[in-house]
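Asks: Just so it is clear: in the sequence shown, position 169 is 153 by the numbering used here, and no numbers are missing. Glycine is no exception: its CB is placed at the ideal position from the N, C-alpha and C atoms. Fair warning: this is a prediction, and the values are worked out from it, not measured in the lab.
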Amino acid sequence: MVDSVLISGAGIAGPVAASVLAAAGVDVTVLEVADGVRPGGQAVDIRGASRVVLDRLGLADAAQDLGLHQRGIADVETDGRHLTEMTVETFGGDGIISELEILRGELAELLVADSRARGARFRFGTRIQQLLDRGDTIEALLSDGSSIDTDLVIGADGPHSATRRLAFGQNPDQQFDPVRPIGGYMAWFTAPMIADLDGWYCMYNEPGGLTASVRPGRTITQSKASLAFASQPLSYDRRDLAAQKAILRQRFAGAGWLVPQLLEAAEYADDFYLDSLVQIQLPQWSKGRVALVGDAAWCPTPLTGLGTSLAIVGAYVLGNEIATRAELPAALARYEEIMRPYVTTGQKLPPGGMRGYAPQTRAAITARLVSTRLMVSRPLRPLAKRLFFEKAEAVNLPGYSLQHR
Ligand SMILES: Cc1cc2nc3c(=O)[nH]c(=O)nc-3n(C[C@H](O)[C@H](O)[C@H](O)COP(=O)(O)OP(=O)(O)OC[C@H]3O[C@@H](n4cnc5c(N)ncnc54)[C@H](O)[C@@H]3O)c2cc1C
């Protein structure tokens, strides 16, 4: 029986697991390395089973209230003309722009508030430095000099998870590294509304593997921007934002469309975030008294549009299995059994992977536009929907109800 849990990471997966466990009467502490709930990020898609989870947590209405109204996604020419369009309705709300899109920072705020209301404690500006698994409990030594003895540590600390490193080592299997770069980097930031988007998420490709996008933000004066580039792994200081912005300036120098204004906006954005695009592939998601969830366990990359949905569903399943089973190993095994096929499907990248998202040549950009036009054409829509947009449903979610011990 698990009576106390320490969760590392107050992004999306961490607070969902905290809500389920705290509701079941488990003593829950959540550590977050940032000084508060991290703002930033674009709109993330809430798809398939994750909508069911938000509903079961009693958060469906609040999530709906946060939903952004967007018309769809369009590939644009240098002068802003639309070359392709995929509306929200094209795939019945399940396409690239889903029916429910929420700003990542606002979703994190909602989930943290919910788990706090259910009794979870949050400690910001704090992280785990060492884990000592003693078999019957696990001790976490924290960055503020204190320590916590607990029944289970959950690593929900994102793709570069420190919990994963501490519990599994750099290379758990000795056969391969769990961190698989897919060949690119992506920066997200808030920018002033620099063009009339008319509700569209506009995306621009430039040869050389450069992709820029702008979409509506929370207010009419705000937009959410992203700049992505294809690249071999780079070495840079993850805390040095100025160095990261310099990399972007160098990569995007001379690029067209709104790129110059976006580079300028990136300089002043207070939520600038750049990350390597990596998938996490682990043969198992738990070891002793440590379990991983969300991007820490299986990051599918933002290219799949499923990172947030998988994190929500996975954290919900993990929390419920722990709360309802007497034996921890049985709970962790069942969590893995339910989530593994869903994650394997969800990790499949769209055609071409990073080369498809940020093509290198003009011909490859043209091929990308042609395939989008085919995908949205009426005769091919059902096939495209089946191939690309039904993955979010592909889980047998047990009929848990929130437990109260
Ligand atoms: C600032 C930000 C912006 C993002 N923007 C987008 C976006 O625009 N589009 C998109 O598709 N995806 C985006 N993502 C990724 C997306 O949020 C995740 O794919 C998905 O929601 C999975 O959630 P998660 O909780 O597993 O991981 P995350 O949402 O990454 O949350 C992990 C949390 O752990 C914290 N953390 C990291 N290391 C430690 C540590 N050592 N100790 C304690 N806490 C730690 C992080 O600060 C973060 O709050 C963004 C992530 C972040 C952090």
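Tell whether a beta-carbon distance below 8 Å holds between Gln54 and Pro176.
Replies: No, the Cβ-Cβ distance between Gln54 and Pro176 is not below 8 Å.
Asks: Cβ of Asp254 within 7 Å of any heavy atom in ligand 1?
Replies: The answer is no for Asp254.
Asks: Under 7 Å: does the beta carbon of Gly79 sit that close to some heavy atom of ligand 1?
Replies: Because no heavy atom of ligand 1 lies under 7 Å away, the Cβ of Gly79 does not count as near it: no.
Asks: Check Gly(-5) in the structure and name its three-state DSSP category.
Replies: In this structure, Gly(-5) counts as coil in the three-state DSSP scheme.
Asks: Between which residues of its own chain and Met323 is the CB-CB distance below 7 Å, once the five residues before and five after are set aside?
Replies: Closer than 7 Å at the Cβ level, and outside the excluded window around Met323, lie Gly298 and Val301.
Asks: Is Arg88 near ligand 1, with its Cβ less than 7 Å from a heavy atom?
Replies: Checking every heavy atom of ligand 1 against the Cβ of Arg88, one is found closer than 7 Å.
Asks: Check each candidate in Ala(-3), Ile30 and Ala58 and name the one with the smallest Cα separation from His66.
Replies: Among Ala(-3), Ile30 and Ala58, the Cα nearest to that of His66 belongs to Ala58.
Asks: Measuring only the C-alpha atoms, how far is Gln234 from Ile306?
Replies: Straight-line Cα distance between these residues: approximately 48 Å.
Asks: Would you list, in sequence order, the uninterrupted beta strand (DSSP E) runs of no fewer than 3 residues that lie entirely inside the segment 84 to 133?
Replies: For the segment 84 to 133, whole beta strand (DSSP E) runs of length 3 or above, ordered along the chain, are 85 to 87, 105 to 108, 112 to 117 and 122 to 126.
Asks: Using DSSP with H/G/I as helix, E/B as strand and the rest coil, what is Tyr220?
Replies: In the structure shown, Tyr220 sits in coil (DSSP, three-state: anything other than H, G, I, E or B).
Asks: At what residues does the beta strand (DSSP E) containing Ile231 begin and finish?
Replies: Here Ile231 belongs to no beta strand (DSSP E); instead the alpha helix (DSSP H) covers Leu225 to Phe236.
Asks: Pick out whichever of Thr329, Arg357 and Pro382 has its Cα sitting closest to the Cα of Leu371.
Replies: Checked all of Thr329, Arg357 and Pro382; the closest Cα to Leu371 is Thr329.
Asks: Quick one: grab the DSSP three-state call for Lys369.
Replies: DSSP places Lys369 in helix when its eight states are reduced to three.
Asks: Using CA atoms only, rank isn't needed, just tell me which of Arg309, Leu242 and Ala46 is closest to Asp63.
Replies: The shortest Cα separation from Asp63 among Arg309, Leu242 and Ala46 belongs to Leu242.
Asks: List in chain order: all unbroken alpha helix (DSSP H) runs of 4+ residues lying wholly within the segment 281 to 350.
Replies: Listed in chain order, the complete alpha helix (DSSP H) runs (minimum 4 residues) inside the segment 281 to 350 are 291 to 308, 312 to 330 and 337 to 341.
Asks: Rounded to whole angstroms, what's the CA-CA distance from Leu43 to Leu294? Just pull it up for me.
Replies: Going from the Cα of Leu43 to the Cα of Leu294 covers about 17 Å.
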